[in-house]
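Using my numbering, the letters of the sequence shown correspond one by one to residues 280 to 761.
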Amino acid sequence: MIHFKEIAKIMGALLLLIAVLMVPAVIFSIYFGEDPWPILVSMCISSVVGGIFFFSFSKQDQNIRKREGYLIVALSWVFMTLFGMLPFILSAEIKSFQDALFETMSGLTTTGASILTDIEAMDKGLLFWRSMTQWIGGLGIIVLTVAIFPLLGIGGIELFVAESPGPTSDKVHPRISETAKRLWYLYVGLTVAATLLYWVGGMTFFDAINHALTTMATGGFSTKNSSMAYYDSAFIQYVAIFFMFLAGTNFTVIYFGLIGKFKRVLQSDEFKTYAFALLAFSVILFYPIINKGGVDYELAFRKSMFQVVSLVTTTGFVTDDYTQYGQGATFVFFMLLFLGGSAGSTAGGIKFVRHLTFVKNSWLEFKRLVHPRAVVPLIINGDRVTGRIITHIMNFLLIYLLTFVIGALVLSLMGYDLPTSLGAVATCLGNVGPAIGNVGPVDNFAFFSGSAKVFLSFIMLLGRLELFTILILFTPFFWRAN
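Encoded structure:
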C-alpha cells in the first residue's frame, strides 16, 4: 500500500522550505519601500500548513518506494504552485486564479511564458519571488530536499530518480544526498558568478540577481518588458549566452570539468553533440539575419547565437523578434523548441541524449537489416545502451509527439488558430517560453481563456516532469496494492 502519511510529512517539509525561500522577497519589498504583507502572509500560511503536515507525521519512517517517489514529485509541484501563487493573489497584482496558476506554474517549471503585460509595473518584491520560483524549479526542489533529507530522517533515492531531468542518472558521488548537495553547490556558485558579471556589465544589482536566477534555471523571466533586448550591451548578452550554455549542460559534466577530469567531459557524446548543434544552428541562422540588412557581422552572429542558445536550452530570453527573418528562419526556430538541453541540466525539452540515441539506433538499424545475425550494439559515452533504455526512449519520443499533437488539437478546438496552437503547446511542453503565432518572442499568453491557461499549465507540468512521472498516475495498476 502507498504510505500517504510519509508523503504528507514530505509535503510539509517542502512547504516549510518554500516559506524560508520567500524571505529574500520580503527583504526586497521592505528595501524598496513596498508593502511586504502579501508575501509575509503567504509565508505564514505556508509555514502553518507545512508545520501541521510535517510535525503531525514526523514519526513516520517508512521507506520511500518508487510509487511514493512518483506521487511525492507530482504532488510537490502541485503544492508548490498553489502556495507559490499566494503572493500574487494576495497582492492583487494578478487577480484571477487561472492567471496566477499559469504564471506560477510557468515559473516553477522554468517555462518562462507569462500573462503579464507590464512587468516593470510590478512590485520589486513580487518580481524577485517570480524569479525565485524559476530558480527553485531549475534543478528541482526535490533534489534540494534530498540534500537535506538525512537531517529529517528521510531517504531520498526514489525521489531523485523520479525528478532528475533526463534518462540518465550519472552521479558525482555514490551517496545520493552528496550528489544533490554538490549539484546545488555548483548551481549556487554559477548563479553568484552570473550575478556579479551582469552587475559588472551595467545591470543594477536587483536586475542582475533576478536575471542570474532565471538564467541558471533556464527559465527566462525578466524584470523588463522587452526581456534581454532592453540591455543593448554585447557584454551582457555574451554573459547570458555563456551561462545559458552552462545551464543547458549536464551538471555532472560541468563538475568533472571543474575538478580537472577533462577526459570525462570529452567522453560525453551528448555534450559534444549539444555544443556542435548550437554552433551549427547559429551559423545557419546567421545568414537570414545578415540578409535582412541593417546589422554588421558581429551583431548578426550574436543575435543568431543568442536566440539559438536561448531556445535550445529552453531559457526563452529574447533580444530580437526572430519571426521577422522570413518563414524559413521561423520554421527553424520552431524546430529548436523540440531539441532541449542536456540530460542532467536545468533545461527542459526532449534532451539531446534522446535525440542522439534515436539517430544512432536508427542508423544502426540499417546495418542490422543488412547483417541480421550480427550483434550491433549501440554505444553512447563509451557505454553500451541496453534494449530496455532504447525502448524507453522510443516510447518517450512517441508519447511526446502524441502529447504535442493532442494538445495542439485541443487548443484548436478551443478556437485558436493553428500556428498559435502549435506554438503554445510546443513551447509549454518543452518549457521554453516564446514560440510562433500569437505567442512569438514579443507576445505573451494573456489573451488565452482561463480554461486554456489551466490546460497549458498542465502541459507545462507534463513537460517539466518528463511525461511519465505524471502520466503513470493515471494508470490503474499504479494504485493497485502490492
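Built from N, CA and C at the ideal position, the CB exists for glycine as well. These figures come from a predicted structure and were not determined experimentally.
query: Cross-strand partners of D662 (DSSP beta bridge); result: I659
query: Cβ neighbours of C707 in the same chain (closer than 7 Å, five flanking residues each side left out); result: T390, A392, L735, I738, M739, G742
query: Beta carbon proximity, F367 to chain C, threshold 9 Å; result: Of the protein chains in the structure, only one exists, and it is not chain C.
query: DSSP state of L537 mapped onto helix, strand, coil; result: helix
query: Whole-angstrom distance between Y604 and V479, CA atom to CA atom; result: 32 Å
query: Spatial distance of P720 from V471 (CA atoms); result: 27 Å
query: Local conformation of G468 per DSSP, three classes; result: helix
query: Top-ranked residue by Cα proximity to S512, from I669, F585, H634, L557; result: F585
query: Segment limits, alpha helix (DSSP H) that includes P317; result: 316-335
query: Same chain, Cβ closer than 6 Å to P315, five either side skipped, listed in chain order; result: V305, S308, I309
query: Any 3 or more C-beta pairs closer than 8 Å across the region 492-499 and the region 593-601; result: yes
query: Buried/exposed call for K374, threshold 16 Cβ in 10 Å; result: exposed
query: Own chain partners of D378 with C-beta closer than 6 Å, once the 5 adjacent residues on each side are dropped; result: I394
query: C-alpha gap between K551 and I659, whole angstroms; result: 11 Å
query: Inter-residue CB distance, T528 and S621 (contact presumed, cutoff 8 Å); result: 5 Å
query: Contained beta strand (DSSP E) runs [length at least 3] in the region 580-649, N- to C-terminal order; result: none
query: The alpha helix (DSSP H) enclosing E745, as first and last residue numbers; result: Per DSSP, E745 belongs to no alpha helix (DSSP H) and is neither H nor E.
query: Where the alpha helix (DSSP H) containing H490 begins and where it ends; result: 484-495
query: From A554, S505, V518, M507, residue whose alpha carbon lies closest to that of L476; result: V518
query: The region 282-296 contacting the region 328-338, beta-carbon criterion three pairs below 8 Å; result: yes
query: Assumed close pair G404, I297 - CB separation to whole angstroms, cut-off 8 Å; result: With a Cβ gap of about 15 Å, G404 and I297 do not count as contacting.
query: Residue range of the alpha helix (DSSP H) that includes G386; result: 376-387
query: Any 3 or more C-beta pairs closer than 8 Å across the region 650-666 and the region 632-641; result: yes
query: Cut-off 6 Å between Cβ atoms - residues of its own chain near F613, not counting five sequence neighbours on either side; result: I715
query: R409, enclosing alpha helix (DSSP H) - first and last residue; result: 403-418
query: Beta-carbon contacts of L430 that lie in its chain and below 8 Å, excluding the five residues immediately before and after; result: Because L430 sits at a pLDDT of 42, beneath the cut-off of 50, its placement in the model cannot be relied upon, and the following sentence gives the value as read from the coordinates. Closer than 8 Å at Cβ, skipping near neighbours: no residue.
query: Inter-residue Cα distance where the pair is F311 and G468; result: 26 Å
query: Distance CB(L616)-CB(G702) smaller than 9 Å; result: yes
query: Distance, G498 Cα to W414 Cα; result: 8 Å
query: With 16 other Cβ atoms within 10 Å as the buried cut-off, status of R346; result: buried
query: Neighbour-count burial assignment, T483, 16 or more Cβ in a 10 Å radius; result: exposed
query: Candidates I289, V733, V352, of which the one nearest L746 by Cα; result: V352
query: Proximity winner among T412, L750, A731, F756, relative to M359 (alpha-carbon distances); result: T412
query: L618 burial status per 10 Å Cβ neighbour count (16 or more: buried); result: buried
query: Beta-carbon contacts of I509 that lie in its chain and below 6 Å, excluding the five residues immediately before and after; result: Residue identity differs from the one stated: residue 509 is Tyr in this sequence, not Ile. Excluding residues within five positions, the ones whose Cβ falls inside 6 Å are K503.
query: Alpha carbon of F283 to alpha carbon of Y349, nearest angstrom; result: 12 Å
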